[in-house]
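Here this note's numbering is used: the first residue of the sequence shown is 70, the next is one more, and so on. Here a beta-carbon is modelled for each residue, glycine too, at the ideal position from N, C-alpha and C. Owing to the predicted nature of the structure, the values given are computational and were not obtained by experimental measurement.
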Amino acid sequence: MDRRDDKSPQGETARILVEFLEVAITSVVSLKGLYPPGAFESRRYMTLVVQRARHPQLQDYIHSAVHGLLPFIQKGLVERVAVIFFSTDNIPMEKFIFKLTVNQSFGSKVEEADLKFSLRSFLIKLSVSESLTKVLPRDCRWEITAYFRSLPRASTSKDAELYLEHPSLSESKP
70 MDRRDDKSPQ GETARILVEF LEVAITSVVS LKGLYPPGAF ESRRYMTLVV
120 QRARHPQLQD YIHSAVHGLL PFIQKGLVER VAVIFFSTDN IPMEKFIFKL
170 TVNQSFGSKV EEADLKFSLR SFLIKLSVSE SLTKVLPRDC RWEITAYFRS
220 LPRASTSKDA ELYLEHPSLS ESKP
């Protein structure tokens, strides 16, 4: 990633969104009760108490999936990020969808305080909705899925190409 992108208003907005998505997705997974209560610990984010995964692999999966989207979010390519919960028969049972709209206008700057206020409001609503959501069976599975407005052009970094490559393309042919 180019350092100029990281320091631009769009780069800063994308960084805040990615950080928020990591916290929000962890909170959603915790809320659904798929893991034992000790699998998460409380921590502070934007002056709120939120959940953080204790298990390194769970924490790394969420972190890697979301932070891998950063260059695409900066370019405005990501339309939605979803957390999808599946039954043992691979039937989607529930979805949490985060629709992203990042204004790509040159010179437009989202006030960081306004953005953080909106994201913080969502986390408050999520925390108070716990009594309204149903706990899912522990044997179901879940995944993080990103929906793109369009695929990145070939000029995108090699990391992006690897991220988009379908696993069957790298498998050896018989």
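In this chain, I160 is not harboured by any beta strand (DSSP E), its DSSP state being neither H nor E. In the three-state reduction of the DSSP assignment, S99 falls in the helix class.
By the neighbour-count definition (other C-beta atoms within 10 Å, threshold 16), F154 is a buried residue.
Beta-bridge analysis with DSSP links A151 to I166 and T214.
Residue pairing for V119: DSSP places it in a beta bridge opposite R112. Counting only residues of its own chain and dropping the five nearest sequence neighbours on each side, L195 has a CB closer than 8 Å to the CB of A93, S96, V97 and L100. Collapsing the DSSP output to three states places Y130 in a helix. The Cβ-Cβ distance between F141 and V150 does not fall below 8 Å.
Pairing M162 with S156, the inter-Cα distance amounts to about 6 Å. In the structure shown, V204 adopts coil according to DSSP, grouped into three states.
The beta carbon of R218 sits closer than 8 Å to the beta carbons of G145, L146, V147 and E148 from its chain, once the five residues preceding and following it are set aside; these are given in chain order.
Cβ atoms of L86 and L192 stay farther apart than 8 Å, at about 13 Å. V152 is not a Cβ neighbour of E91, given a cutoff of 8 Å.
The shortest CA-to-CA distance from R112 to any of Y104, R123, G102 and L103 is the one to R123. With a 10 Å radius around the Cβ and a threshold of 16 neighbouring Cβ atoms, G107 comes out exposed.
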